[in-house]
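*Asks:* Numbering (our numbering), first residue to last: 47 to 613.
Below are the structure tokens for one structure; questions will follow.
See below:
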């Protein structure tokens, strides 16, 4: 229908005005845009590395820390299996397993118990998956008997390599989720060698914040507080009883915690930065998956009235002295300490069965956003050391960028001239809609902070062509109706109605392809998909709604029943 009610008119104009306002900051310099009033949009389009350059970081995984984590995991398995070993109904006496020079050593008290202990520990031996496929016999650990009833357990070289390969693969994905949580920034993140990762992020002038986010392991655990801690606090010995550990707290002295976690960060389904409804302080709300919800609910049911601790593990960090200087060990390497602390220790007032809760503390809004981002992206298997840092320039070069701008302007002018010459007044309407279409695309890119790269520009050009193509189909259908003897008003109405199904089919199928590219692709492919999807939505709006609105408005203003259209 060529009639538009007041609310439709208001909606159409509101969409266009908002789109133009969101696109407007791009005509200013970055400094001018930032100085705009806070109530006005001031975000500009993020340009990709190929258009504006950015920051370049090379990170190296701490393989020693990774090995220590692997050894501790094996030690826990050794402890568990030896606890299950019974001879004549009694537990086998032994020493506590210790990690010495890359090995786990445990001493059995009686010589006759060594053989049964070896048999029990060999249950921990498992073949590596890639070794099965390759037809080799590499196992995860080696178990040998040493002197004085000592059993030595150590990971095989193949297991160490396999652990590093898996840790590096997951680290690349974790960093991608941290740098690009929405999939629109288009960073370059790739592995280099066996233990290094290259990270290039467009438009980052100061990489300090980027370095801080990338370098954290951010592993979250929920552990029960051991009631014996209050008694041991005032004693002369601070040694943790078996199955417990002392963990520093942000809110007071260290707390004695049960070593076994109730649930861990791996069972977190989602974390969000928000404000407490009662105190309005910044907090992080979280939700567990089904397994985490079940375990958390069971433990809280059994421990009502007892406190539990929320522990944040940021991995190993360089130890510093009182002057802020990095402390070196005897080999001249930075001395590392475990940055592991309790950020909250609430009392279980009632069973928490829904699998949801919140983390509170002395947080700033920025800290809650960073913590939520780290928890959602997952934890690193080991800390990462930044070994190289520099800025990179645009890969296309200034000359190529200017040439692309000139080519785009020439192409746009040529299309406008052709449409105007071919369809006259209707061509003018189509050109106005085309310019509005470009403004809406730019506004959407600015609003969503999607990164624009060369493939993204190709997506915009493609959608502009599709928008013009939609107008051509509509106008040609109107011409056919006029040649058939219909009046101009009737021909316009029929032309829009009959062309709609063809145009919608074409745009919907293209939109489906763009969605598939966005979710399955990465980097430049995702950028192309974003601009293509935005362009399809705006071109359908301008071709079907806005041009029809312009024609309806023109008819009312001219108070005529006919419009000249070249036949």
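We put the CB at the ideal spot given by N, CA and C, even for glycine.
(1) Give the DSSP-derived three-state secondary structure of residue 82 in the structure shown.
(2) Residue 102 bridges to which residues according to DSSP?
(3) With distance defined between alpha-carbon atoms, name the residue in 315, 238, 412 nearest to residue 266.
(4) Return the first residue and the last residue of the alpha helix (DSSP H) that residue 271 is part of.
(5) For residue 185, write down the residues that DSSP places opposite it in a beta bridge.
(6) Going by C-alpha distance, which of 350, 204, 166 is nearest residue 116?
(7) Specify the secondary structure class of residue 315 as computed by DSSP and reduced to three states.
(8) Tell me where the beta strand (DSSP E) around residue 130 begins and ends.
(9) Rounded to whole angstroms, how far is the Cβ of residue 301 from the Cβ of residue 293, which I believe are closer than 8 Å?
(10) To the nearest angstrom, how far is the alpha carbon of residue 528 from that of residue 543?
(11) Is residue 148 near residue 246, with beta carbons less than 8 Å apart?
(12) Rounded to the nearest angstrom, what separates residue 287 and residue 144 at their Cα positions?
(13) Check this for me: beta carbons of residue 405 and residue 332, under 8 Å apart or not?
(14) Inspect the CB distances between the stretch 510 to 520 and the stretch 586 to 600 and report whether three or more fall short of 8 Å.
(15) Of the residues 151, 56, 62, 52, which one's Cα is nearest the Cα of residue 479?
(16) Could you have a look at residue 321 and say whether DSSP puts it in helix, strand or coil?
(17) Identify which residue in 548, 537, 582, 184 has its Cα closest to the Cα of residue 559.
(18) Give the secondary structure of residue 412 by DSSP, where H, G and I count as helix, E and B as strand, and everything else as coil.
(19) Please state whether DSSP places residue 282 in a helix, a strand or coil.
(20) Which whole-angstrom value is the C-beta distance of residue 172 and residue 188, which I expect to be below 8 Å?
(21) By the three-class DSSP mapping on this structure, what secondary structure does residue 520 have?
(22) Helix, strand or coil for residue 585 per DSSP?
(23) In whole angstroms, what is the alpha-carbon distance linking residue 465 and residue 599?
(24) Can you grab the Cα-Cα spacing for the pair residue 551 / residue 557, in whole Å?
(25) So what does residue 292 bridge to, in DSSP terms?
(26) Reducing DSSP to helix, strand and coil, say where residue 233 ends up.
(27) Are the CB atoms of residue 394 and residue 352 within a distance shorter than 8 Å?
(28) Can you name, in chain order, every residue of its own chain whose Cβ lies under 8 Å from the Cβ of residue 434, other than the five neighbours on each side?
(29) Please state the DSSP three-state secondary structure of residue 354.
(30) Once DSSP output is grouped into helix, strand and coil, what is the label at residue 190?
(31) Tell me, please, whether the stretch 118 to 136 touches the stretch 83 to 100 by the rule of three or more beta-carbon pairs shorter than 8 Å.
(32) Taking C-beta to C-beta, are residue 460 and residue 593 nearer than 8 Å?
(33) Check this for me: beta carbons of residue 223 and residue 112, under 8 Å apart or not?
(34) Between the beta-carbon of residue 573 and the beta-carbon of residue 502, is there less than 8 Å?
(35) Using C-beta distances below 7 Å, list every residue in its chain close to residue 438, excluding the 5 sequence neighbours before and after it, in chain order.
(36) In angstroms with no decimal places, state the Cα-to-Cα distance between residue 492 and residue 458.
*Replies:* So, from the listed chains and residues:
(1) coil
(2) 246, 436
(3) 315
(4) First-last for residue 271: undefined, no H or E at that position.
(5) 173
(6) 204
(7) strand
(8) Not the beta strand (DSSP E): residue 130 falls in the alpha helix (DSSP H), residues 109 to 130.
(9) 6 Å
(10) 15 Å
(11) no
(12) 16 Å
(13) yes
(14) yes
(15) 62
(16) strand
(17) 582
(18) helix
(19) Below a pLDDT of 50, predicted positions are generally treated as unreliable, and residue 282, at 49, falls in that range; the measurement from the model is reported next regardless. In this structure, residue 282 counts as coil in the three-state DSSP scheme.
(20) The Cβ separation is near 12 Å, so there is no contact.
(21) helix
(22) helix
(23) 21 Å
(24) 10 Å
(25) 302
(26) coil
(27) yes
(28) 102, 103, 104
(29) strand
(30) strand
(31) no
(32) no
(33) no
(34) yes
(35) 95, 99, 100, 102, 246
(36) 21 Å
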